[in-house]
Structures are given as C-alpha cells and as structure tokens.
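So mature numbering (1 follows the signal peptide of the UniProt record, and there is no 0) is basically just the index in the sequence shown, starting at one, shifted up by 12.
Structure first, then comments.
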Amino acid sequence: DIPVIYVITPTHTRPTQKADLTQLGNTLRQVPNLHWIVVEDADFKSPLVAKFLLNLRISYTHLNVPKPDYCKSGCVARGSEQRNLGLDWLRRNRGPLDSGVVYFGDDDNTYDLEVFEEMRYTKHVSVWPVGLIGSRRYERPLVRDGRVVSWYTRYPGRRFCTDMAGFAVNLNLILANPEARFNLKGAKAGMQESDFLSKITKLEYLEPRANNCTKVLVWHTRTEKASLHEHVTENVDIEV
Ligand code: UDP
Ligand code: MN
C-alpha cells in the first residue's frame, strides 16, 4: 500500500480565495492517496470552503482556528496557528501503524504533480528547490555525494534555508515529536521553517529529492491582491 500524502493548507478569506483554492484543488485531485487538511483562519468554517471541499470529491478534513489576537494586525507567522492545528489533528487521528508523509501546502503556490511523487516515500525529511522565493528565481539545497551540505539562498543565517513548500516530513516523525510545532509568539520573519525543522532533524539526515535538488517542481507564487471598486452592488444573487 502506498503512503498517504497529508497536505496541510492554511487558508483565509479574501476575494481571490476561491480562485486560489480552485487551482490548488485541481492539482490535488489528480494525486492518488492524498488527504487534504484545510484549516481556515476563522472563528467558524465558511460555507464557501465547506461547499468547495464537498464538490471537489477528494479525501479531506475541514478545520478552523482563528489567528491569535496579537497576530490580527499582521504577523510573520502567517498560517502557522492553522498548520499547528493540522498537526494536532494528525496526532489525534493517526498512529504509528499509519504510513504517510506530511506537507505544508499554502493555498497560493504552484505545484507540479511530480513534487508529490518525489515526497511520497520520505523516510525522514525530504527536501527540494522552491522557485520564486527569497528575492531569487529559486532557493535550493546544495547536494554533494547524495547529501545536503548547504543552501543556495540570498538569506543565509538559517540552519535550514527552505520555504514551507520545500520539504516534507514522514508522518511517524511528526507523531514521535509532539512538541514540534510552529512558533507564533516572538517568531522572527523567515525563521518558521528553520525553527520547525531544527526540532525534528539535522542537516545530514535530509533526503534530497528532485534529481539531487536540481529541478524546480514548486513555486512560491503570490496571487495579486484584487482591488475591487464596488460602490454600486448588483442586485442579484451570485456565487463568487
Ligand atoms: N494565511 C492565513 N491567514 C492570514 C494570512 C495567510 O491563514 O492571515 C494563509 C494563506 O492563505 C496561505 C498561508 O497562510 O495559505 C501563507 O500566507 P501567504 O500566502 O499570504 O504568505 P506569503 O506566501 O505571502 O508568505
Ligand atoms: Mn503565499
């Protein structure tokens, strides 16, 4: 039986949300043995996301948790309260006999289907390049003799110079390290990934994927914020 890919996606309400989720859903529905954990940054589950997930017809779990108050006016740990709830769900609902891999997939990135097969047989923590990140065309692990030895990045000074989209973790490593969570209070910009990975692994244990980290299979794209001018509202019901 092939390992399940658990994709944890934080998501929040904004005009482009359904468009972003539609693009991501169209990708994930093509990946076999995938369970999508969608965590809304909200006090309640929205009908928009609930209906969207029901219609998608893939295996999923719909959760919600609002960002803490001290993050309401903007926060470097965007999505991390939601990622932590996704991790809690796995720790409560899966056990050591389940085989799988955990991936943090933000709702506005672009994913090649190949990245999912690269991560599926992760024994510990696997890594690969991420495109359009950190003021560069890509950021990536540098590999020598099959081992990650350092990083190509504009922002060194992190133990793990990777983005959320650049690594996946074996499910059992998540279950065996219940203290491994994302920091919110006092989190420093750009340190989410490195701080999290520092709790569960070491550089020398990383498993390089995507042809020794020479292929970009995921891009940190950002959907342009919609600027809406709707002083006159159309007098019809429409699903947007
Ligand atoms: N997100 C969230 N609440 C927020 C802002 C962002 O849940 O207040 C989610 C967002 O939908 C995405 C992830 O967290 O899945 C990362 O946010 P974003 O894409 O805005 O960050 P960036 O890519 O710009 O660093
Ligand atoms: Mn993003």
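Think of the CB as a built atom: it goes at the ideal place given N, C-alpha and C, for glycine as much as any other residue.
From residue i to residue j, what distance separates their C-alpha atoms?
i, j, result
"Arg-132", "Ala-238", "35 angstroms"
"Cys-83", "Leu-60", "24 angstroms"
"Ala-192", "Trp-140", "21 angstroms"
"Phe-128", "Ser-85", "34 angstroms"
"Glu-151", "Val-142", "6 angstroms"
"Gly-91", "Arg-41", "22 angstroms"
"Pro-108", "Leu-99", "15 angstroms"
"Asp-124", "Pro-80", "33 angstroms"
"Asn-121", "Ile-212", "25 angstroms"
"Cys-87", "Lys-63", "29 angstroms"
"Asn-67", "Thr-134", "30 angstroms"
"Lys-200", "Ala-89", "8 angstroms"
"Asp-110", "His-136", "15 angstroms"
"Pro-22", "Gly-112", "20 angstroms"
"Ala-31", "Glu-236", "11 angstroms"
"Ile-70", "Asp-118", "18 angstroms"
"Asn-105", "Gly-37", "23 angstroms"
"Arg-103", "Glu-93", "15 angstroms"
"Glu-205", "Glu-251", "36 angstroms"
Just grab the DSSP bridge partners of residue i for me.
i, result
"Pro-220", "Val-139"
"Tyr-167", "Partner(s): none; Tyr-167 has no beta bridge."
"Val-228", "Val-228 pairs with nothing; no bridge assigned."
"Val-51", "Pro-22, Leu-75"
Which same chain residues end up closer than 8 angstroms to residue i when comparing Cβ atoms and leaving out the 5 residues on each side of it in sequence?
i, result
"Leu-154", "Val-160, Val-161, Ser-162, Trp-163, Tyr-164, Cys-225"
"Tyr-72", "His-47, Trp-48, Ile-49, Val-50, Leu-65"
Near residue i, what residues of its chain come up, given a Cβ to Cβ distance below 6 angstroms and the 5 sequence neighbours on each side ignored?
i, result
"Asn-45", "Ile-14, Val-16"
"Ile-145", "Glu-151, Asp-175, His-232"
"Ala-188", "none"
"Ser-138", "Met-131, Ala-180, Glu-219, Arg-221"
"Asp-207", "Asn-195"
Using C-beta distances below 7 angstroms, list every residue in its chain close to residue i, excluding the 5 sequence neighbours before and after it, in chain order.
i, result
"Ser-58", "Thr-25, Glu-52"
"Val-43", "Ile-17, Leu-125, Phe-128"
_Runs of beta strand (DSSP E) wholly within the segment 76 to 157 (minimum 3 residues, chain order)_ = 112 to 116, 137 to 139, 142 to 145, 148 to 156
_Length at least 4, wholly inside the segment 15 to 49: the alpha helix (DSSP H) runs in chain order_ = 29 to 40
*Could you pull out every unbroken beta strand (DSSP E) segment of at least 3 residues lying fully inside the segment 160 to 208, listed in chain order?*
179 to 182
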